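Let me begin by presenting the structure, written as structure tokens, before commenting on it.
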Amino acid sequence: MEIEKKYLVKKLPENLETYPFNQLEQCYLCVNPVVRIRRRDDAYILTYKSRLGLDQNQDNLCVAHEFEGPLTREAYESLKKKREGEPVTKTRYKIPYGKYTIELDVFEGRQKGVILAEVEFETVEEANSFVPPVWFGEDVSGDYHYRNNYMATQKG
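Just so you know, we're using this note's numbering here: the sequence shown kicks off at 402 and counts up by one.
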């Protein structure tokens, strides 16, 4: 099970270029449930994500079952032609923060200018007690406008 919170970013952390990063491209074959293909540098992954929605008593938490498996480059390129919407491209930085890893996504292409930070948790309680760093902005976990599948399928 995936339990995560997503935030806008007020200010990029200092020394961003010193953190490990990956170049990502992802496409959606289906948005409900989510069936995604992703290229992470030279690796290719198929993901099925069944969103359980927000926790019953939370409006700021995303909970989902997620299953991943490898793809070949050829399968990725073939499936990419069947996508809904446009590919989402971004650079993902992995930033340590206490016992957590912040995944900082700097979007490119149609979403250029969007910067989001995600943190995953073991439990709902842990997510609810999380204190974000000062450079985080608004918690947008419950805002579908900031879901990658929504951004991929919007016109404009």
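Note that the Cβ used here is the ideal one computed from N, Cα and C, for glycine as well. All figures in this text were calculated on a predicted structure; none of them were measured in a lab.
Between the beta-carbon of Ile516 and that of Asp506 there is about 7 angstroms, and that keeps the pair under the 8 angstroms contact cut. When DSSP reads this structure, Gln427 sits in a beta bridge with Arg439, Val489. Below 8 angstroms, too few C-beta pairs join the stretch 521-528 and the stretch 430-445 to call them touching: fewer than three. Val435 and Gln424 have their alpha carbons spaced roughly 21 angstroms apart. Arg548 carries a coil assignment under DSSP once its states are collapsed to helix, strand and coil. Beyond the five residues adjoining it in sequence on each side, Pro488 comes within less than 8 angstroms, by CB distance, of Glu426, Gln427, Cys428, Lys481, Gly510, Ala553 in the same chain, given in chain order.
Listed as beta-bridge partners of Pro471 by DSSP are Ile446. Counting only residues of its own chain and dropping the five nearest sequence neighbours on each side, Thr492 has a CB closer than 8 angstroms to the CB of Phe422, Asn423, Gln424, Leu425, Asp506, Val507, Glu509. Counting of Cβ neighbours within 10 angstroms places Ala528 among the buried residues, the total reaching 16 or more.
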